[in-house]
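Number of protein chains: 2
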Amino acid sequence: MTPNEKITTNGLRLTTPRKKILSIFSSQGHPISFEEYALLDTTIDKSTFYRNMQTFEAADIIQGIESDEGKRYFELSEKQHPHFICQQCHTITCLDEAPIPKLSGYRINSITYKGQCPQCFDL
Amino acid sequence: MTPNEKITTNGLRLTTPRKKILSIFSSQGHPISFEEYALLDTTIDKSTFYRNMQTFEAADIIQGIESDEGKRYFELSEKQHPHFICQQCHTITCLDEAPIPKLSGYRINSITYKGQCPQCFDL
DNA sequence: GCTTATCTGCAACTTAGTTGCATTAGAATG
DNA sequence: CATTCTAATGCAACTAAGTTGCAGATAAGC
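Right under this line is the structure:
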């Protein structure tokens with residue numbers, strides 16, 4: 001199911017800002033913050049952006065990630081994959097190949113590792 | 124090495140507020156936010172708290188965790204263990220028994236799972 | 001095309017966390 | 001123990017991510 005289809009099947013309206021939000025997220029492939037989003041779409045209002053992030057998280061269209069710098073990053077919740085946050089360069093990397101462990105009793109939606117990425121680890 | 128020893132070996136001063144901060148964190152055993160800390164120590168100034176959290180993270184005395192509600196939680200960085208953040212009740216659980224996976228090329232300092240805890244999953 | 005409830009955009013607000021600065025107090029030295 | 005020097009504290013003012021109230025706009029169903 002495409003993100004646009006998820007919108008209509010969740011009883012939400014397919015508005016102009018929502019189509020633009022989803023097309024921009026589709027073209028990214030990695031999590032972005034509002035700050036970064038606003039560079040790609042200068043017409044969006046931040047309240048529209050953040051309200052839609054909440055709506056889309058509830059509809060499982062978007063997944064949020066808390067950075068180590070007090071910002072939230074968002075990406076399309078398509079194939080589940082862990083994320084790595086480098087505490088030195090603060091880059092968020094998608095670990096597309098890494099498996100998601102199981103924990104009995106818990107329902108796991110996401111995993112985030114923090115530490116040093118290969119670039120920063122070598123220095 | 125106790126937290127107080129870590130302070131002196133890092134060339135930091137063992138001040139009254141620092142001793143209190145470490146004694147309170149020692150008595151907790153789970154991550155707490157400034158809001159929660161301030162209930163246990165009404166004399167601390169928040170700038171002193173946050174500045175020490177930064178100093179202590181750099182000295183590997185304290186470890187920070189980003190909640191899903193835009194707050195930072197802190198705990199003593201003694202034995203490494205993963206954390207689980209319930210996206211429904213927003214409780215942060217220490218998974219003392221769960222192993223920390225390896226990722227080649229990366230240095231992993233912490234892992235955070237997000238999802239639903241057993242209590243919320245059952246409902 | 002009309003109606004209605006949802007959604008948007010604006011502006012004002014909230015609050016976690018930071019910063020500048022004057023004062024205090026560890027710790028080292030004699 | 002007194003002196004000195006620098007790190008640390010406390011206060012107040014600030015910053016910025018994210019939220020909220022509300023009036024006007026617009027998608028979707030009839």
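Taken in order, these protein sequences are the chains called A and B. The first sequence begins at 1 in my numbering and counts up one residue at a time. The second sequence begins at 124 in my numbering and counts up one residue at a time. Built from N, CA and C at the ideal position, the CB exists for glycine as well.
Any chain B beta carbon closer than 8 Å to residue i
i, result
"Leu14 (chain A)", "no"
"Asn109 (chain A)", "yes"
"Asn36 (chain A)", "The sequence shown places Glu at residue 36 (chain A), rather than the Asn named in the question. No, Glu36 (chain A) does not count as interfacial toward chain B."
One or two residues paired with residue i in a DSSP bridge
i, result
"Ser23 (chain A)", "Beta-bridge pairing links Ser23 (chain A) to no other residue."
"Ile215 (chain B)", "B:Ile208"
"Tyr236 (chain B)", "A:Ile111 and B:Phe207"
"Phe74 (chain A)", "A:Ile32 and A:Gly64"
9 Å Cβ cut-off: residues of chain A touching residue i
i, result
"Leu226 (chain B)", "Pro82, Phe84, Leu95, Ala98, Tyr113 and Gly115"
Chain-ordered chain B contacts of residue i [CB-CB under 9 Å]
i, result
"Tyr106 (chain A)", "Phe207, Cys209, Thr216, Leu218, Tyr236, Gly238, Gln239, Cys240, Pro241 and Phe244"
Under 8 Å from the C-beta of residue i: neighbouring residues of chain B
i, result
"Asn4 (chain A)", "Within chain B, no residue comes near Asn4 (chain A); the closest Cβ sits about 25 Å away, beyond 8 Å."
Per-residue contacts from residue i into chain A (C-beta, under 7 Å)
i, result
"Ser156 (chain B)", "By Cβ distance, chain A contributes nothing, its closest Cβ being about 13 Å from Ser156 (chain B), past 7 Å."
"Asp191 (chain B)", "Glu66"
CB-CB length for residue i against residue j, believed under 8 Å
i, j, result
"Glu78 (chain A)", "Arg72 (chain A)", "The Cβ separation is near 18 Å, so there is no contact."
"Ile167 (chain B)", "Phe197 (chain B)", "Not a contact, Cβ separation roughly 13 Å."
"Tyr236 (chain B)", "Ile62 (chain A)", "Rounded, the Cβ-Cβ distance is 19 Å, inconsistent with contact."
Minimum Cβ-Cβ distance from residue i to chain A less than 8 Å
i, result
"Glu198 (chain B)", "no"
Cβ-Cβ distance between residue i and residue j below 8 Å
i, j, result
"Phe84 (chain A)", "Cys117 (chain A)", "yes"
"Thr42 (chain A)", "Pro17 (chain A)", "no"
"Ser149 (chain B)", "Pro126 (chain B)", "yes"
"Asp191 (chain B)", "Gln210 (chain B)", "yes"
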